[in-house]
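In the numbering used here, the protein residues as written are -15 to 477.
Here a beta-carbon is modelled for each residue, glycine too, at the ideal position from N, C-alpha and C.
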């Protein structure tokens, strides 16, 4: 029996056989309902990565936070999420995808409640970090379950919906954040942006208990504690000074921390190589990184998502602090972006497979053109007029034609047995990109905007947009190194 068949058999509920063999209408319906639960969790987790952007000015006023504390409230979730994603994938392979998904979902939901009732900034930052821990336990299991429960056209459809949900969750967070903050339900201000997760999470937990298959991995992998510690240290050494440095006037310890992140990343790479050479199970296995398209796909994803996250954060600040717009107006400004993301995510499969690499690279350039146009349009200090929604649509369409096909193409040649590790690598790249995008581009905007007068803020958003354009073009160059054509996954005997 091939390793692929063994793994699929392990995932099947008792008495059902493998998913391929039991392809009955009843099983298909069950799988589709299971997919609905998982996509609901994806949407909720990704929504929370950006919903705070629009609420940030209100949180700052209500809690009296500093700029650096505000950035930690926004990015603290993603820091924890990004740092622990690969470990979450490993724990799923070791302890069962269902168990890790549900434990992560419960943790995320409970932490959302803690965020919603947080009395001060430190409590909110801590609760956001716990949210990130829950998301890191939950999210990697979703791709693994899709790989192992769906076959052929059904798998392609599931992956497309998964990628579309990722793209939409990020941008719909902006719109939902604006509406919830402006509604000021029962005088609660910003708190509903977190509390809305509680009933949704509870429903998903109940549905998950019923619909997710029991599983017992046949080949559990050990935990790479040394890799986890060195990777976490490297990320914290890099991100903390980027987030807090501007407001703290770059004290010596922050500059040392920033420089030290580079050798720490080298130490992490050496630790991983040593673990693998000794027959252990590194966080990032070398054979997974050698999969055609994975590294170039992760690189393209990194630059694209860093610019996207940085743009959402900076533009939200410009709209509210620079132009004095309401949270509702700010959120609705991103509606064309959501339309573009949905359009690209749900139509890219109509393009022939041989053109997918070109499609992704072209989409990166399209997004760059949109960012460029927004920068020049907003430079004068105005509200952008009719050009702004058109340019938002351009950016969103570009991102829709980037994220969905990039996820699929990058993972197309990954063996099912490596699905958890590969999805962890790619998703970690995207999440680290969002952390650094908010830290770097957000710091550029905040430092350039000075006192948030309209002219200063307009200049700041222009400068930030120009830097994001450079990143989008770097994403296009990385996409050109993807495989020319997707290949079917071979069974390894």
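Closest by C-alpha distance to residue 387, when choosing among 357, 330 and 258: Considering only alpha carbons, the answer is 330.
Terminal residues of the alpha helix (DSSP H) in which residue 116 lies: Residue 116 -> alpha helix (DSSP H) spans 105 to 133.
DSSP three-state assignment for residue 336, whether helix, strand or coil: DSSP, read as helix, strand or coil, puts residue 336 in coil.
Proximity winner among 12, 313, 407 and 56, relative to residue 272 (alpha-carbon distances): Nearest to residue 272 by alpha-carbon distance, out of 12, 313, 407 and 56, is 407.
Distance between residue 411 and residue 393 (C-alpha atoms, nearest Å): So the two alpha carbons sit approximately 14 Å from each other.
Rounded straight-line distance, which links the Cα of residue 385 to that of residue 343: Distance between the alpha carbons of residue 343 and residue 385: 7 Å.
Cβ separation of residue 268 and residue 409, assumed to be a contact under 8 Å, to the nearest whole Å: Their Cβ separation, rounded to whole angstroms, is 6 Å, which keeps residue 268 and residue 409 in contact under 8 Å.
Cut-off 6 Å between Cβ atoms - residues of its own chain near residue 449, not counting five sequence neighbours on either side: Result list for residue 449: 355, 358 and 359, in chain order.
Beta-carbon gap between residue 75 and residue 189 smaller than 8 Å: Here residue 75 is not near residue 189, since their CB atoms are 8 Å or more apart.
Minimum C-alpha distance to residue 145 - residue among 101, 219, 19 and 106: Residue 19 is the option with its Cα nearest to residue 145.
Length-filtered (4 minimum) alpha helix (DSSP H) runs lying within the segment 187 to 264: Segments of the alpha helix (DSSP H) lying fully in the segment 187 to 264: 209 to 228 and 236 to 261.
Simplified DSSP assignment, three categories, for residue 443: Residue 443 falls in the helix class under three-state DSSP.
Rounded separation between residue 50 and residue 104 - CA only: Distance from the CA of residue 50 to the CA of residue 104, rounded to the nearest whole angstrom, comes to 12 Å.
Spatial distance of residue 465 from residue 459 (CA atoms): For residue 465 and residue 459, the distance between alpha carbons rounds to 10 Å.
Residue 393 (DSSP reduced to helix, strand or coil): Note: residue 393 maps to helix in three-state DSSP.
Short Cβ contact (8 Å threshold) for residue 73 with residue 124: With respect to residue 124, residue 73 sits close: the two C-beta atoms are nearer than 8 Å.
Beta-carbon spacing of residue 391, residue 143 below 8 Å: Contact flag set, yes.
Assigned exposure category for residue 367 - 16 Cβ within 10 Å defines buried: Burial call: exposed.
Proximity below 8 Å, CB of residue 480 to CB of residue 310: The first residue shown for the chain is -15 and the last is 477, placing residue 480 beyond what the model contains.
Beta carbon of residue 422 nearer than 8 Å to that of residue 58: Yes.
Other residues of its chain near residue 455: CB distance less than 7 Å, five sequence neighbours each side excluded: Cβ within range, chain order: 287, 290 and 291.
Cβ-Cβ distance between residue 427 and residue 305 below 8 Å: It is not a contact, given that the beta carbons lie outside the stated cut-off.
Through-space distance from residue 353 to residue 378, alpha-carbon basis: Taking the straight line joining both Cα atoms gives about 8 Å.
Given 8 Å, three or more beta-carbon pairs between the segment 368 to 376 and the segment 236 to 249: The segment 368 to 376 makes no contact with the segment 236 to 249: fewer than 3 CB pairs, one atom from each, lie closer than 8 Å.
Secondary structure of residue 88, DSSP reduced to three states: Correct three-state label for residue 88: helix.
Residue 477 in three-state terms, based on DSSP: Note on residue 477: pLDDT 37, under 50, position unreliable in the model; no value is reported.
Residue 259 versus 301, 15, 208 and 109, residue with shortest Cα-Cα distance: Of the residues 301, 15, 208 and 109, the one whose Cα lies closest to the Cα of residue 259 is 208.
Separation of residue 371 from residue 479, as counted between CA atoms: This structure does not reach residue 479, given that the chain is present from -15 up to 477, and the question cannot be answered.
Beta-carbon contacts of residue 462 that lie in its chain and below 6 Å, excluding the five residues immediately before and after: If we look at residue 462 and ignore the five residues flanking it on each side, its Cβ neighbours are 280, 283 and 284.
Endpoints, the alpha helix (DSSP H) within which residue 172 is located: No alpha helix (DSSP H) contains residue 172, which DSSP labels as neither H nor E.
Alpha-carbon to alpha-carbon, residue 187 and residue 193: Distance between the alpha carbons of residue 193 and residue 187: 10 Å.
CB-CB length for residue 35 against residue 161, believed under 8 Å: That belief holds up - the Cβ atoms of residue 35 and residue 161 are roughly 4 Å apart, short of 8 Å.
Counted within 10 angstroms of its Cβ, other Cβ atoms place residue 430 as buried (16 or more) or exposed: Its Cβ being crowded by 16 or more others within 10 Å, residue 430 is buried.
Closest by C-alpha distance to residue 402, when choosing among 327, 69 and 275: Comparing alpha carbon positions, the residue from 327, 69 and 275 closest to residue 402 is 275.
CB contact flag (residue 60, residue 91, <8 Å): In this structure, residue 91 does not lie closer than 8 Å to residue 60 by Cβ.
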